[in-house]
Each structure stands twice: as C-alpha cells, then as structure tokens.
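Residue numbers (the working numbering), protein chains in the order written: chain X, 58 to 221; chain W, 118 to 555.
So the structure is just underneath, and the comments pick up after that.
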Amino acid sequence: MNRSVMFSLLLSGALVVAGCSSKGGSKDGEDGTGTGAGTGAETSGFGGSGLSAEQLRETKVIYFDLDRTDIQPRYFDVLRAHADQLSKDPDLSITLEGHCDERGSREYNIALGERRANAVRNFLQAEGVSGRQISTVSFGEERPADPGHYESAWALNRRGVILY
Amino acid sequence: MTGPRRSNLLRYGWWLLALCLAGPARAELTIEITGGGADAIPIAVVPFTDRTAAPEQPGSIISADLHRSGRFRPLATGAQPQRPQSAAEVNYAVWRAAGIDNLVIGEVARSGTGYALRFQLFDVVSGERIAGETVNASAKDLRFAAHHIADIIYERLTGERGAFATRIAYVSATRTADGKDKVALNVADSDGFNASSVVRSTHPVLSPSWSPSADRLAYVSFEGGKPAIYVQKLATGQRDKVAGFPGINSAPAWSPDGSRLAMALSKDGNPDIYVMNMATRQVRAVTNSRGADTEPAWSPDGRYIVFTSDRGGQPQIYRVSSGGGSAERLTFEGSYNTRASYAPDGRSLSLVTRVGGQYRIGVLDLETRGLRVLSDGNLDESPSFAPNGAMIIYAATAGGRGTLSALAVDGDIQQRLTSQGGDVREPVWSPFLNYRSQ
Chain X
58 MNRSVMFSLL
68 LSGALVVAGC
78 SSKGGSKDGE
88 DGTGTGAGTG
98 AETSGFGGSG
108 LSAEQLRETK
118 VIYFDLDRTD
128 IQPRYFDVLR
138 AHADQLSKDP
148 DLSITLEGHC
158 DERGSREYNI
168 ALGERRANAV
178 RNFLQAEGVS
188 GRQISTVSFG
198 EERPADPGHY
208 ESAWALNRRG
218 VILY
Chain W
118 MTGPRRSNLL
128 RYGWWLLALC
138 LAGPARAELT
148 IEITGGGADA
158 IPIAVVPFTD
168 RTAAPEQPGS
178 IISADLHRSG
188 RFRPLATGAQ
198 PQRPQSAAEV
208 NYAVWRAAGI
218 DNLVIGEVAR
228 SGTGYALRFQ
238 LFDVVSGERI
248 AGETVNASAK
258 DLRFAAHHIA
268 DIIYERLTGE
278 RGAFATRIAY
288 VSATRTADGK
298 DKVALNVADS
308 DGFNASSVVR
318 STHPVLSPSW
328 SPSADRLAYV
338 SFEGGKPAIY
348 VQKLATGQRD
358 KVAGFPGINS
368 APAWSPDGSR
378 LAMALSKDGN
388 PDIYVMNMAT
398 RQVRAVTNSR
408 GADTEPAWSP
418 DGRYIVFTSD
428 RGGQPQIYRV
438 SSGGGSAERL
448 TFEGSYNTRA
458 SYAPDGRSLS
468 LVTRVGGQYR
478 IGVLDLETRG
488 LRVLSDGNLD
498 ESPSFAPNGA
508 MIIYAATAGG
518 RGTLSALAVD
528 GDIQQRLTSQ
538 GGDVREPVWS
548 PFLNYRSQ
C-alpha cells in the first residue's frame, strides 16, 4: 500500500487510541454517543477502536523509536487483529521482518532488527498465535524503505513488517 | 591529478558508460586527498625513464602513495629542477635549493614478458645514495610493483613498514531506475585502482573479512532470504556457505592464524559470539548473555576477542578470552560504542562512537582506556586499520552518497574514495600481501 494510506491509517489508529484512553470519547467526529451511526466506522469494532479487524490488518508495517525495540501501544490493536486472524487459521503463516535506520554499525543493526521482529512475534504469541506460524528475519539497515539521510527517512526505516 | 592518471580515468569513464548500458558497472574508485602532515618529508620522485611505453608511470604511483600517507610532501613534476636518469646526473645543489630532503629516480625496462623497475633513493642533504633495487613485475602487476617500491622507500625513511602494496575489499551498491538494488563485493588496490567484483547480487552483502593469508574472503549474504556466512576463494571464485543456522549468521572474523572464524549467531536465542573451527566446521559459544553480542574481532595474538554487546542496556565494547569466560567492558564514554577492531600492534581499537548524535570513528587506547575521536562525519562506520597501523579506512556519507574515507592515525591527512556511480561502503583493509616479484 502507498505511504499516504499507511499514514492515514496510523493517524486514525493514534486518534482512536487517544479516544480509548479517555473512555468513550470517539475523536472521529462523532459526539461521543458511541453507537457508531453515520460515519461508517463500527464502534463495535476490534478492541474498542473505530476500525474493523480487516481495516486494522491493512496495516502491515509498524514503526519503532530510535534505539528502541518495544512495541508502541498505538499498534496493539493492529497486532491483535493480526493475531486474531492467525490464531483462527493455523494454516496461515507469516514472516516478520525487522529493520533499522542507517545510523550506527551494520551488524549491530542486524541484531537490533532481529529484536524488533522478535518483539512483534512475542506480542502475537502472547495473543495466542502459534510460533509455528511465524518466521522472522532481520535486514538491519540493508533494506531501507526510504534511502534519505535525514530524520524523516530514518523514522520510516525503523520498522517491523508483517508478510503473509 | 597529473596527466597520465587523468587520461586513464577518462578512458575508463567512457568505457564504464558503455558498460552501464550493458550490465552492472565496474566499481572503479576515484581518490581525493585533503590535508597534509605538517611534518611531512619533502621528497621528489622524478618520472621514471621509460623506453618501453609501459601503461603506467611508476613515478606517479609512488608519488601518490607517499603523499596519501601524510608523511611525505612530494614535489610536483612541473616544479622539479632536473630529470636525472642516473646517480651521476643528480645535481644535489639544485634539489637542496628546492627544499627537497630525498630524491627518487628510476627506470622501466623490459624483462621477458614483463618489466624490471629499477629505482634509486638519495639523501639530498648528505648528498648520497641510500637505497636502490630492481623489482620485477608481470605486465598485469606493474602498478603493484610500483606500490612495493613505495613501501621500500617509506620504510627506509620512516622506519615503519609501508602498506601501499595492499588491497581493500568493500561493498558497492547502485539502485537502478526501477528501484532494484545491485550490490557487489569488490576488491581493489588500496589506492582504488584495479577494482573487480568477486560477488554480484540483488540481495544485501556485508561484512567482508580477509583471511590472514589474503586468499579468501568471508562475508554475509542475504541471497538465501536471510543472513548467512560464506567463505570464498579469491583465485577461483569457489565458495562455501559455512554458517546457515536458524536466525542471524553474521559478522565473520578470521582468527590471526586462519584456523577459526568468529561470528555472531542467534540460533540459540539472542545473538552471541561463537567461534567456528574451519577444519571441522564445529561451533563453540564464547559468550552467552541476555543482550545482543555481535561484531567480534580478534587481538593480533589470538588471545582475545573484542565485541559489541548491549547486555548493559546500550551497545558498548567488551573483551573476552577467545576460549570463552567472563567478559570485561572496555568503553565507558558515551552511550554508543560499536564495531571495534584491533590495531595491528594490539595496543588500541578503532571503533564507531556516537558523539552528540553524530556517528564517528574513534580510537581507544587499551592501556589508558582513553577514547580519541578521529573523524568528523555524522554517519561514519566500519573502521579498518591498514596492516601497518598507520591509517584507518572507513565508510562515510558525503554529498548524500556512500564513500570511503581513510585517515592517518597520527596525522591530519584524509583521503576520500568515491565510486563513479552509486554508494561504496564496508571497507576492510587486506593484510600485508608480501609482494614477490615474478
């Protein structure tokens, strides 16, 4: 999928998480009645977010902060949606890729990328997915999504990718 | 640049353009030198007398070598007051007047199907010949023979062994118009000439490591979809996959006696340092920590392995006995220190250190534990010592492209090697090659 679609999904994910934390307010333009009429977003959607599980699963790339390998809470619903599908269909399998931005040494970045892929794997396994359905690979900094040498490119390269 | 070299590059330039249309480009490197040692010895290398129309002018090669070491300041040929072709013709007075301390003259002669390069080195101040030799070269090794002569001169005048007759291995990458990556592992002379590809791939290749006898390269390739370690014989191109365990197989490093390969494997959980016996291909874990241990490098006596570990939270350099045991942390300045490699005298490490958000090359003195930052880029990585310890080559980003840089450890000279197209990175300097005339 292209970058702008990804961004708007992430943005709506972020907005929804903010909404979740204030308990009942939905920031997608509704007035907080919580019944989901009008915008087409199902508030009975997955994990309390305004998106359906299928919409959440369209997000297959999650991003990490510099030097960090922990999953940001804003991706929890996305990953739960993937976990839900995988645990319901044991014949489905995925490859998780871990990536880094270009800064620092290449080999350490391969280790960091593996840790990111493992973080996603561990999350999915905690949500009930069997390890047999998951393989992981780290590309370190070798496969940047954006080859630029500046912060906005680096932010796009620190990522975990889910490949069915 | 002097005349002959420029025309060589122009010739190569057109040829490369034609090749680009046909297939992957040869990674010919161009070299640019900045700075210059304040204590550099003023020397003059007179163009070698040559009646054979040899394809290279040894005088230019020797002059460029001495210049890029930072220890010499060669006099441009245009400023040389005379062209002596024999010891008898040397007029010491005019060279003294030109401020020159040492003079080199030479000649190229045919020898069988190759050449005989004869040179003489003079001390201008005392007015005497201090060295001279004939070096034989096959036609294809003409440049290398000139580098060997530069090594002899360097050692005679500095007391240190020269490292001009050496090679570098490095990775080059170009991105084609349709967004695909063309990656190659290349070997070139350490001045960037005579580059050739030993591996070509559309998958990532990294971490080349020279065997101590310089006949093989170990490297990491993603051609199987995940990182695996290969060992390739340079003379034949024949190669073996030596490590393809589950998880990461990376960061190969030859032991000084060539019998073992240290590597980072994550087959047992998180990445740890293992040592593989190359005869039996058995691996033994040398570290086993909760963090990621990677980037092993051997001490020159083979007793220790230094490596990167984030077992303490952030990546730092540790040292462990090569037989295993408890590891000692070596770096305490800054929050990011990685990619250590020993200097040939075993007394310091080059490494990547992060200073104020910038990634730079530093040298850690193993006795004082002091860390000195040597480079000034913001994305510097992959430092590798020359086999005489006088220079460090590393990867830098300049003008948005990956380039190689080399700096003198004790001076202020800097070289930059750029590819004609695309990025170059991951340089590693060969061991001494012990040039033998044919």
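Glycine residues also receive a C-beta, built at the ideal position from the N, C-alpha and C atoms.
Note that the structure is a prediction, hence the values are computed from the model and not measured.
Mark residue i as exposed unless 16 or more other C-beta atoms lie within 10 angstroms of its C-beta, in which case mark it buried.
i: X:G217; result: buried
i: W:K343; result: buried
i: W:A267; result: buried
i: W:L323; result: buried
i: W:N454; result: buried
i: W:Y336; result: buried
i: W:L302; result: buried
i: W:A305; result: buried
i: X:T92; result: Caution is warranted here: a pLDDT of 41 is assigned to X:T92, below 50, making its placement in the model unreliable, and no coordinate value can be reported.
i: W:R200; result: exposed
i: W:R98; result: With chain W running from 118 to 555 in the structure shown, residue 98 of chain W is simply not present.
i: W:S313; result: exposed
i: W:A155; result: exposed
i: W:D482; result: exposed
i: W:G176; result: buried
i: W:Q174; result: buried
i: X:S187; result: exposed
i: X:N221; result: Residue identity check: residue 221 of chain X is Tyr in the sequence provided, not Asn. Per the 10 Å Cβ criterion, exposed.
i: W:Q433; result: buried
i: W:D527; result: exposed
i: W:T387; result: What sits at residue 387 of chain W in the sequence shown is Asn, not Thr. So W:N387 ends up on the buried side.
i: X:F121; result: buried
i: W:A282; result: buried
i: W:G223; result: buried
i: W:T169; result: exposed
Taking the beta strand (DSSP E) that residue i falls in, what are its first and last residues?
i: W:L193; result: Per the sequence shown, residue 193 of chain W should be read as Ala rather than Leu. Here W:A193 belongs to no beta strand (DSSP E), and DSSP marks it neither H nor E.
i: W:P175; result: It is not in any beta strand (DSSP E) - W:P175 instead sits in the alpha helix (DSSP H) that spans P175 to R185.
i: W:V315; result: S313 to S318
i: W:L382; result: R377 to L382
i: W:A301; result: D298 to D306
i: W:G564; result: Residue numbering for chain W in the displayed model covers 118 to 555; residue 564 of chain W lies beyond these limits and cannot be assessed.
i: X:F196; result: I191 to G197
i: W:D357; result: R356 to A360
i: W:Q475; result: Q475 to D482
i: W:D540; result: D540 to W546
i: W:N366; result: N366 to W371
i: W:Y287; result: R284 to R292
i: W:E488; result: A small fix is needed here, since residue 488 of chain W is Leu in this sequence, not Glu. L488 to V490 is the extent of the beta strand (DSSP E) around W:L488.
i: W:L498; result: As written in the sequence, residue 498 of chain W is Glu, which differs from the Leu given in the question. Residues E498 to F502.
i: W:Y511; result: M508 to A515
Check the Cβ-Cβ distances between residue i and every residue of chain C, and say whether any is below 8 angstroms.
i: W:G276; result: The structure shown contains no chain C; its protein chains are X and W.
How is the alpha helix (DSSP H) around residue i delimited, first residue to last?
i: X:L169; result: R163 to A183
i: X:A212; result: E208 to N214
*Ranges of the alpha helix (DSSP H) found wholly within the stretch 112-156 of chain X, counting only runs of at least 4*: Counting only runs of 4 or more residues that sit fully inside the stretch 112-156 of chain X, the alpha helix (DSSP H) segments are 133-145, in chain order.
*Please name the residues in the stretch 351-377 of chain W whose beta-carbon is closer than 8 angstroms to at least one beta-carbon of chain X, in chain order.*
Within the stretch 351-377 of chain W, the residues whose Cβ lies closer than 8 angstroms to some Cβ of chain X are G364, I365, S367 and A368, listed in chain order.
*What are the start and end residues of each continuous beta strand (DSSP E) run of 3 or more residues lying completely inside the stretch 390-471 of chain W, in chain order?*
The DSSP assignment places complete beta strand (DSSP E) segments of no fewer than 3 residues inside the stretch 390-471 of chain W at 400-402, 410-415, 421-426, 433-438 and 454-459, in order along the chain.
_Under 8 angstroms (Cβ pairs) to chain W, residues found in the stretch 153-174 of chain X_ = Legend: CB atoms of the stretch 153-174 of chain X lying less than 8 angstroms from CB atoms of chain W belong to residues E159, R160, G161, S162, R163, E164, Y165, I167, A168, L169, E171 and R172.
*With 8 angstroms as the limit, tell me which residues of the stretch 125-152 of chain X have their beta carbon closer than that to any beta carbon of chain W; keep them in chain order.*
From the stretch 125-152 of chain X, no residue has a Cβ closer than 8 angstroms to chain W.
*Do three or more CB pairs link the stretch 131-141 of chain X to the stretch 174-185 of chain X at distances below 8 angstroms?*
The stretch 131-141 of chain X makes contact with the stretch 174-185 of chain X; the number of CB pairs closer than 8 angstroms reaches 3 or more.
_Residues of the stretch 416-446 of chain W in Cβ contact with chain X at a cutoff of 7 angstroms, in chain order, please._
Those residues of the stretch 416-446 of chain W that come within reach of chain X (Cβ to Cβ, closer than 7 angstroms) are T425 and P432.
_Measuring CB atoms only, is the stretch 387-405 of chain W touching the stretch 148-155 of chain X, in the sense that at least three cross pairs come out at less than 8 angstroms?_
No, the stretch 387-405 of chain W does not touch the stretch 148-155 of chain X.
*Scan the stretch 205-260 of chain W and note each continuous beta strand (DSSP E) run of 3 residues or more that stays entirely inside, going in chain order.*
Correct list: 219-228, 231-240 and 245-254.
*Just checking, does the stretch 176-192 of chain W make contact with the stretch 266-280 of chain W on the three C-beta pairs under 8 angstroms criterion?*
The stretch 176-192 of chain W vs the stretch 266-280 of chain W: in contact.
_What are the residues in the stretch 469-502 of chain W lying within 8 angstroms of chain X by C-beta distance?_
Answer set for the stretch 469-502 of chain W: V469, R471, Y476, L496, E498 and S499.
_Taking contact to mean 3 or more Cβ pairs, one atom from each stretch, closer than 8 angstroms, check whether the stretch 243-259 of chain W and the stretch 277-286 of chain W are in contact._
Of all C-beta pairs linking the stretch 243-259 of chain W to the stretch 277-286 of chain W, fewer than three are shorter than 8 angstroms, placing the two stretches out of contact.
*At a cut of 8 angstroms, does the stretch 499-510 of chain W reach the stretch 254-263 of chain W through at least three beta carbon pairs?*
Contact between the stretch 499-510 of chain W and the stretch 254-263 of chain W is absent, because fewer than three Cβ pairs lie under 8 angstroms.
*Whole runs of the beta strand (DSSP E) within the stretch 316-354 of chain W, excluding any shorter than 3 residues*: Counting only runs of at least 3 residues, the stretch 316-354 of chain W fully encloses the following beta strand (DSSP E) elements, listed from N- to C-terminal order: 322-327, 333-338 and 345-350.
_Short of 8 angstroms Cβ to Cβ, which residues in the stretch 310-327 of chain W face chain X?_
Under the 8 angstroms Cβ criterion, the stretch 310-327 of chain W contributes P321, L323 and S324.
*Residues in the stretch 326-344 of chain W having any Cβ partner in chain X nearer than 9 angstroms*: So the list reads V337, F339, G342, K343 and P344, given in the order they occur along the chain.
_For the structure I just gave you, are there three or more beta carbon pairs, one from the stretch 201-212 of chain X and one from the stretch 349-359 of chain W, closer than 8 angstroms?_
Contact fails between the stretch 201-212 of chain X and the stretch 349-359 of chain W, because fewer than three Cβ pairs, one in each stretch, are under 8 angstroms apart.
*Inspect the CB distances between the stretch 458-476 of chain W and the stretch 489-497 of chain W and report whether three or more fall short of 8 angstroms.*
Taking a cut-off of 8 angstroms for Cβ pairs, the stretch 458-476 of chain W and the stretch 489-497 of chain W touch, as three or more such pairs fall below it.
*Residues of the stretch 383-398 of chain W with a CB closer than 9 angstroms to any CB of chain X: list them in chain order, please.*
Cβ contacts with chain X: S383, N387 and P388.
*What residues in the stretch 450-462 of chain W bring their beta carbon closer than 7 angstroms to a beta carbon of chain X?*
Under the 7 angstroms Cβ criterion, the stretch 450-462 of chain W contributes Y453, T455 and R456.
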